[in-house]
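In this note's numbering, the protein residues as written are 2 to 171. Here a beta-carbon is modelled for each residue, glycine too, at the ideal position from N, C-alpha and C.
Structural data, given as structure tokens:
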């Protein structure tokens with residue numbers, strides 16, 4: 002129940018990070034719960050795990066000026082799941098927007114591994130949809146849908162609607 006606007010210092014990226022100027026950030030249903038019901042893993046936390054922006058500082062000078070979407074899950078790279086590249090089941094993961102600060106900010110330091118360089122013709126709003134679109138696609142791919150199949154999607158929120166579009170395309 003504690004939602005506020007605060008001034009923060011612009012973060013300084015570490016060697017494995019870049020500084021991203023946020024251009025678009027979605028509000029997920031889980032963000033609402035994190036603010037008004039269950040909370041995040043520590044306080045204060047900047048919410049937002051569906052976001053995109055422009056790289057404005059890169060210590061390695063490789064991604065400067067690039068449009069990027071952010072994959073919010075930060076794997077440990079050490080557990081069995083990570084060794085098998087099954088990052089979604091990482092036992093010790095971190096996460097932008099719930100376990101660490103997320104995209105509801107002006108600037109954020111993001112690990113290079115979590116960046117997806119966007120095509121120039123993609124808008125920042127579309128880039129911010131990368132995470133929910135991926136979640137919906139993953140769910141639909143698990144169904145092994147064939148031409149002529151009927152499916153039922155329970156829930157008409159953004160992910161349910163996107164899942165319906167994926168199912169229709171498949």
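Residue 20 to residue 113 span [Cα, whole Å]: For residue 20 and residue 113, the distance between alpha carbons rounds to 10 Å.
On a Cα-Cα basis, can you pick out the residue from 116, 6 and 41 that is closest to residue 174? For the chain, the structure presents residues 2 to 171; residue 174 sits outside this window and is missing.
Under a three-way DSSP split, which group does residue 17 fall into? Looking at residue 17 - three-state DSSP - the assignment turns out to be coil, as it is neither helix nor strand.
Between which two residues does the alpha helix (DSSP H) carrying residue 37 extend? Its alpha helix (DSSP H) spans residues 30 to 37.
Return the chain-ordered ranges of every alpha helix (DSSP H) run that is complete within the region 110 to 140 and spans a minimum of 4 residues. Under the rule that a run must span 4 or more residues, the alpha helix (DSSP H) segments found entirely inside the region 110 to 140 read 125 to 129.
Just to confirm, is the Cβ distance from residue 1 to residue 73 under 8 Å? Look at the range of the chain in this structure, 2 to 171, and you will see that residue 1 is not part of it.
Nearest-angstrom Cα separation, counted from residue 149 out to residue 61: One Cα belongs to residue 61, the other to residue 149, and the distance between them is close to 50 Å.
Determine the burial state of residue 120: buried for a count of at least 16 other Cβ atoms within 10 Å of its Cβ, exposed for fewer. Classification for residue 120: exposed.
Count the other CB atoms within 10 Å of the CB of residue 99; is the residue buried (16 or more) or exposed (fewer)? Under this definition residue 99 is a buried residue.
For a quick check, are the C-beta atoms of residue 18 and residue 157 less than 8 Å apart? With respect to the 8 Å criterion, residue 18 and residue 157 are not classified as neighbours on the basis of their beta carbons.
How about residue 160 and residue 106: do their beta carbons lie closer than 8 Å? Contact: no.
Just to confirm before moving on: does the CB-CB distance between residue 103 and residue 48 stay below 8 Å? Yes, these two residues count as a Cβ contact at 8 Å.
Output the distance between the C-alpha atoms of residue 101 and residue 75, rounded to the nearest integer angstrom. Their backbone Cα atoms lie some 10 Å apart in a straight line.
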